[in-house]
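Take a look at the structure set out below.
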Amino acid sequence: MAIDWTQDADGVVVLTMDAPGAGANTITDAFRGALDQALDRIDAERDGITGVVIASAKKTFLAGMDLDVLVEQVMPSDPADVMALATGLKAQLRRLETLGLPVVAAINGAALGGGLELALACHHRIAADVPGNRMGLPEVQLGVLPGAGGVARTVRLLGIEPALTAVLLSGARLKPVAAQEIGLVDDVVGGIDELVPAAKAWIAAHPDAHTQPWDVRGYRIPGGEPSEPAFAQNLPAFPANLHKRLGTDRMPAPRAILAAAVEGAQVDFDTAQLIESRYFVSLVKSPVARNMVQAFFFDVQAVQSAGSQPQDLAGVVGDEFTTRVRAAQLIEAIRMLADGIDPAVIEQAATQAGYAVPPLQAADELGLATLREIIDETSADGVVGTMLDLGRPGAPGGAGFYDYLDGQRARLWDGLREQWNTVREPEVPFGDLQDRLLFSQVIAAQQALDDGVVDSDAAANVGSLFALGFPAWTGGVRQFVAGYPGGEKAFRRRAEALAGRYGERFRLPASLGAVQRA
């Protein structure tokens with residue numbers, strides 16, 4: 001990684017990031033070494049320097065951490081080594097923002113993750129309003145949190161609630177104007193060629209603007225702090241609303257981000273960064289992060305390189321795969337109903353497992369007449385047939401497993417409990433209900449792979465996530481096996497236990513083995 005140095009007659013140094021032979025700048029050991037060298041030189045020559053501009057020679061500004069490095073080197077490391085990485089990068093950015101010189105980020109292209117964290121450590125941010133330029137902290141979508149001060153700085157810059165909702169928990173990739181509207185960016189220019197001149201002009205006009213707001217004595221976080229009564233009375237609603245939005249406790253990153261933001265807002269900046277680092281380490285070492293990075297980055301890249309565009313990810317596997325794998329889950333849920341499991345318990349099991357849409361709702365949306373055409377399982381077919389005979393064909397007909405009012409889903413139909421003698425507290429373990437739904441789809445996906453319906457594990461993962469709403473924390477139907485605690489052998493043992501209790505359909509095909517990367 002090279003960081004090129006140029007200095008003009010006014011004493012402004014432009015540091016231009018340019019990773020040789022790479023399509024984008026990423027945070028690697030080479031980048032960190034180059035940044036240290038640049039900071040050392042600034043310290044040595046500071047008497048002749050009036051300010052610093054950080055720019056990029058690539059189409060993007062800085063893409064954040066190299067995810068190959070994250071998966072292959074960081075995730076397998078000891079927690080102490082991961083902590084050292086996080087605190088080391090934070091120390092570099094802290095050094096940048098306390099140089100005693102005004103520092104401006106000239107954002108020509110995407111500044112995501114660590115790229116935006118670098119920009120946040122600058123005293124002023126200017127972005128070019130050009131196609132493809134996006135800013136954000138999307139780490140939550142990969143099961144981790146910003147590890148280079150992103151939580152601590154956005155909270156202090158924007159306020160706790162705006163930082164959480166607009167940036168940290170959404171993972172939104174914002175266009176320059178939108179980023180300016182919420183306060184992530186200070187100025188927007190019309191073209192890339194305007195960036196460095198605008199940055200130099202700002203330095204000339206603000207020669208003493210070299211202190212971050214949070215380093216000014218008496219600075220208060222916008223919107224209030226947790227210790228203030230007006231803010232504190234609303235604080236209990238934060239985790240409740242988060243749980244309502246997620247529906248599951250199997251996604252640790254949003255909860256960790258919330259905790260890091262609130263805890264960090266109650267202490268000084270350096271302690272807030274330490275809190276952030278501790279949560280970062282816990283997430284990086286979790287299997288959920290590995291699953292999500294694999295699926296939402298590497299597998300998505302793999303299917304896109306094979307010709308699928310971002311808007312086509314839901315269709316990467318085709319109709320036969322989605323029909324077979326969706327049907328497996330719907331059939332299993334309807335089997336549960338036929339066995340007397342309360343429908344609300346079934347839906348709650350799916351929601352808490354992380355499904356985007358619970359199965360009885362999904363069956364209604366599909367339409368029970370359509371579902372009947374694709375199932376041949378006796379007990380499930382019997383339930384569907386009965387529902388059709390009762391004049392409840394699903395959402396298209398205004399009545400199904402759910403009642404509907406003015407075309408809107410209202411609540412589960414009360415008649416389900418009487419029709420199938422369901423019990424609200426079944427003897428079946430709640431975890432078994434969740435695993436029956438998950439494992440049924442994994443097995444159906446493997447059979448689809450065996451039949452050549454889908455051509456790669458990456459496609460199966462992406463298709464299950466984007467087309468079927470398979471729980472994101474699993475990384476998809478194939479990554480769920482690879483990332484299962486204890487590995488494939490433990491997954492097989494669990495499947496055997498399910499088969500022993502609920503039937504031969506949970507016997508795994510012999511072909512189910514190590515995940516093959518595309």
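FYI, the numbering for the sequence shown is 1 to 518, going by our numbering. Don't be surprised by glycine CBs; every beta carbon is placed ideally from N, CA and C.
For chain C, check one thing: does any of its Cβ atoms lie closer than 9 Å to the Cβ of Ser282?
The chain inventory of the structure shown lacks chain C, comprising one protein chain alone.
Would you mind stating whether Ala596 and Ala458 have Cβ atoms separated by less than 9 Å?
This structure gives no information on residue 596, because the portion of the chain shown stretches from 1 to 518.
Is Ala380 helix, strand or coil by DSSP?
Ala380 falls in the helix class under three-state DSSP.
Looking at Thr351 and Pro358, is the spacing between their C-beta atoms short of 9 Å?
In contact: Pro358 and Thr351 (Cβ atoms closer than 9 Å).
Using CA coordinates, which residue listed in Leu39, Lys59, Arg95, Gly21 is at the minimum distance from Asp270?
Answer by Cα proximity: Arg95.
Give me the Cα-Cα distance between Leu116 and Gln434, rounded to the nearest whole angstrom.
Cα-Cα distance, rounded: 38 Å.
Between the stretch 330 to 338 and the stretch 279 to 298, are three or more C-beta pairs nearer than 8 Å?
As far as the Cβ criterion goes, the stretch 330 to 338 does not touch the stretch 279 to 298, which means the pair count is below three.
For Ile374, count neighbouring Cβ atoms within 10 angstroms of its own Cβ and tell me buried if that reaches 16, exposed if not.
It counts as exposed.
Compare the beta carbon distance of Ala57 and Thr16 with 9 Å and say whether it is the shorter of the two.
Yes, the pair counts as a contact, with Cβ atoms nearer than the cut-off.
Using DSSP with H/G/I as helix, E/B as strand and the rest coil, what is Leu174?
Residue state, collapsed to three classes: strand.
Can you have a look at Arg517 and say buried or exposed, based on whether 16 or more other CB atoms are within 10 angstroms of its CB?
Caution is warranted here: a pLDDT of 48 is assigned to Arg517, below 50, making its placement in the model unreliable, and no coordinate value can be reported.
Taking 8 Å as the cut-off, is the CB of Leu508 close to at least one heavy atom of the ligand ADP?
The ligand ADP is not among the ligands present in this structure, which contains no ligands whatsoever.
When you compare the CB positions of Ile126 and Leu158, do they come within less than 9 Å of one another, or not?
No, they are not a contact pair.
Find the nearest neighbour of Arg494 within the set Gln447, Thr474, Leu465, Leu438, judged by alpha-carbon distance.
Looking at the Cα atoms, Leu438 is the closest of the given residues.
Helix or strand or just coil, what does DSSP make of Met251?
Reduced to three states, the DSSP call for Met251 is coil.
For the candidate residues Pro426, Phe506, Asp68, whose alpha-carbon lies nearest to that of Ile443?
For the residues Pro426, Phe506, Asp68, the minimum Cα distance to Ile443 belongs to Phe506.
Provide the residue span of the beta strand (DSSP E) that contains Trp5, from first to last.
Taken as a continuous stretch (DSSP letters only), the beta strand (DSSP E) holding Trp5 covers 2 to 7.
Please work out which residues of its chain come closer than 7 Å, Cβ to Cβ, to Pro79, disregarding the five sequence neighbours upstream and downstream, and give them in chain order.
Answer for Pro79: Val281, Lys285, listed in chain order.
Cutting at 7 Å between CB atoms, please list the residues of its own chain near Gly264, excluding the five before and the five after it.
So the qualifying residues of the chain are Val151, Ala152, Val155, Ala272, Ile275, Glu276.
Identify the residues that DSSP records as bridge partners of Met135: which are they?
For Met135, which the question treats as bridged, DSSP gives the partners Ala111, Leu174.
Compute the distance between the beta-carbons of Gly149 and Leu195, then report whether it is under 9 Å.
No; because the gap between Cβ atoms is not below 9 Å, this pair is not in contact.
Measure the CB-CB distance between Val293 and Val144 and report whether it falls below 9 Å.
Going by C-beta atoms, Val293 is nearer than 9 Å to Val144.
Compare the C-alpha of Val262 against each of Ala198, Ile160, Gly475 and name the closest.
Taking only the C-alpha atoms, the option nearest Val262 is Ile160.
Apart from the five residues on each side of it in sequence, which residues of its chain come closer than 7 Å, Cβ to Cβ, to Tyr484?
Only Ala490, Phe491 meet the Cβ criterion.
Is it the case that the stretch 73 to 93 contacts the stretch 19 to 37, given that we only count it when at least three CB pairs across the two stretches are under 8 Å?
The stretch 19 to 37 is in contact with the stretch 73 to 93.
Residue range of the alpha helix (DSSP H) that Gly39 falls in?
It should be noted that the sequence gives Leu, not Gly, for residue 39. 29 to 45 is the extent of the alpha helix (DSSP H) around Leu39.
According to DSSP, is His243 part of a helix, a strand, or is it coil?
The answer is helix: DSSP assigns His243 an H, G or I state.
What did DSSP end up calling Val428 once you bin it into helix, strand or coil?
It is coil, neither helix nor strand.
Whose C-beta lies closer than 6 Å to the C-beta of Met387 among residues of the same chain, with five residues either side of it excluded?
These residues qualify, in order along the chain: Leu368.
Between Ala467, Arg436, Ser511, Leu330, which lies nearest to Ala497 when the distance is taken from Cα to Cα?
Answer by Cα proximity: Arg436.
With Arg220 as the anchor, note down where its alpha helix (DSSP H) starts and where it stops.
Per DSSP, Arg220 belongs to no alpha helix (DSSP H) and is neither H nor E.
The beta strand (DSSP E) that contains Gln408, what's its start and end?
Note, Gln408: beta strand (DSSP E), 408 to 412.
What is the residue span of the alpha helix (DSSP H) that Ser277 lies within?
269 to 284 is the extent of the alpha helix (DSSP H) around Ser277.
For Arg372, I'd like the list of residues in its chain whose CB is within less than 6 Å of its CB, leaving aside the five on either flank, ordered along the chain.
Closer than 6 Å at Cβ, skipping near neighbours: Val384.
Where does Val188 land, buried or exposed, given buried means 16+ other C-beta within 10 angstroms?
The residue is buried, with at least 16 neighbouring Cβ atoms inside 10 Å.
Among Thr60, Asp66, Pro146, Gln7, which one has its Cα closest to the Cα of Glu45?
Ranking Thr60, Asp66, Pro146, Gln7 by Cα distance to Glu45 puts Gln7 first.
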